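One rule links them: number in this note's numbering = place in the sequence shown (from 1) + 127. Read through the structure below, which is laid out as structure tokens, and then see the notes.
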Amino acid sequence: MLQEIDFKNKKRVVIKIGSNSLLHKDTAKIDYLKIEKLIREIVDLRNRGIDVCLVSSGAIAVGKDSAYYKSDLDSNSKKQALASIGQARLVSIYQNIFREYNQEAGQVLMTKNTITENVSRKNAQNTFEALFEMGVVPIVNENDTISTFEIQFGDNDTLSALVSYLIGADLLILLSDVDGLYTANPRTHKDAEFVSYVDNIDDVIDMGSSSAGSSVGTGGMSTKLIAGKIATLSGADMIIANSDDLSIIHRIFDGEFKGTVFESNYDEYFDVLGYIEDNYSY
Numbered sequence: 128m129l130q131e132i133d134f135k136n137k138k139r140v141v142i143k144i145g146s147n148s149l150l151h152k153d154t155a156k157i158d159y160l161k162i163e164k165l166i167r168e169i170v171d172l173r174n175r176g177i178d179v180c181l182v183s184s185g186a187i188a189v190g191k192d193s194a195y196y197k198s199d200l201d202s203n204s205k206k207q208a209l210a211s212i213g214q215a216r217l218v219s220i221y222q223n224i225f226r227e228y229n230q231e232a233g234q235v236l237m238t239k240n241t242i243t244e245n246v247s248r249k250n251a252q253n254t255f256e257a258l259f260e261m262g263v264v265p266i267v268n269e270n271d272t273i274s275t276f277e278i279q280f281g282d283n284d285t286l287s288a289l290v291s292y293l294i295g296a297d298l299l300i301l302l303s304d305v306d307g308l309y310t311a312n313p314r315t316h317k318d319a320e321f322v323s324y325v326d327n328i329d330d331v332i333d334m335g336s337s338s339a340g341s342s343v344g345t346g347g348m349s350t351k352l353i354a355g356k357i358a359t360l361s362g363a364d365m366i367i368a369n370s371d372d373l374s375i376i377h378r379i380f381d382g383e384f385k386g387t388v389f390e391s392n393y394d395e396y397f398d399v400l401g402y403i404e405d406n407y408s409y
């Protein structure tokens, strides 16, 4: 049950933040104050002795802003070109602010093949373990310049769950623009009820809306529930929480927060790699 989950005992955490949460809503430009608050929260977790991996979307949106690109993104090649600009700038922002708090961060760019190919997967696991041993915060994104996995499949929700599986995380936090899971879309259904706790992901897997919250994000609740299936069956608890106030990160570990908790339901027979191959194309 929810009250039995002691988040203070978590040892390795993946935090995923989406494009909507990194940008000012009215202008779609970088929200530096919010990024700094996110980094302070992560450094505080590191000071508690927790390994933290940040999965960050936003490369395409930041690239669009950096290149003053105003046209419609009507092809994946344009999105990938802007990602090549935005990823460099985004990681530079992260690293510069992390260093103000005496914390190093490293970039890890992944593709679907990183997970599905045995050698690549092992190499990635070794890299993550070395980074954690050195006290470094890995900042993960999909390598959008050569892959369209995130572009097509949900603003890094699924990728963050795969990273949780890859590194053996015991908690995945999806920071979103909603408080968590509702019985219906709360933006269009006033009678939608909030769901605070889920002990079996299969009971709610069909409840998600596939629509994204804004023009800069690509995810919806459906991708978060898919992430929940991968994460919980791989042995991690998962939380969907609102990113409007990023102090919710430390409140999760203090046990005082609003969000939807998906309890780990580890299944040793769950074939993560087979699930990805069956559900996602290149």
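We put the CB at the ideal spot given by N, CA and C, even for glycine. Since we're looking at a predicted model, the values are computed, not measured.
- In the structure shown, residue 233 falls within a strand segment according to DSSP collapsed to helix, strand and coil.
- When the beta-carbon positions are compared, residue 380 and residue 135 come within less than 8 Å of each other.
- Taking the Cα of residue 169 as reference, the smallest distance to any Cα among 377, 392, 398 and 220 is reached at 377.
- By the criterion of at least three beta-carbon pairs nearer than 8 Å, the region 254-264 is in contact with the region 220-233.
- Around the beta carbon of residue 284, 16 or more other beta carbons lie within 10 angstroms, which makes this residue buried.
- The secondary-structure analysis by DSSP pairs residue 368 across a beta bridge with 302.
- Looking at the DSSP output, residue 143 sits in a beta bridge with 182 and 301.
- Of the residues 270, 156, 180 and 146, the one whose Cα lies closest to the Cα of residue 292 is 180.
- At least 8 Å separates the beta-carbon of residue 361 from that of residue 322.
- In this structure, the straight-line span from the alpha carbon of residue 256 to that of residue 363 is close to 18 Å.
- Counting the other Cβ atoms within 10 Å of the Cβ of residue 206 gives 16 or more, which makes it buried.
- The beta carbons of residue 304 and residue 148 sit closer together than 8 Å.
- Residue 254 sits in a helix when the DSSP states are folded into three classes.
- For residue 228, the closest alpha carbon among the candidates 297, 402, 254 and 166 is that of 166.
- Across the set 311, 384, 183 and 138, the C-alpha of 183 shows the shortest separation from the C-alpha of residue 265.
- When the beta-carbon positions are compared, residue 198 and residue 216 stay at least 8 Å from each other.
- Relative to residue 288, the option among 133, 358 and 254 whose CA is nearest is 358.
- Taking a contact as a CB-CB distance under 8 Å, the pair residue 328 and residue 355 counts as one, their CB atoms being some 5 Å apart.
- Non-local beta-carbon contacts of residue 370 in its own chain, meaning distances under 7 Å to residues more than five positions away in sequence, involve 144, 148, 302, 303 and 304 in chain order.
- The beta carbons of residue 171 and residue 139 sit about 16 Å from each other, so the pair does not count as a contact at 8 Å.
- As DSSP reads the structure, residue 389 sits in a beta bridge with 325 and 365.
- Scanning its chain for C-beta atoms nearer than 6 Å, with the 5 sequence neighbours on each side dropped, one finds around residue 214 the residues 186, in chain order.
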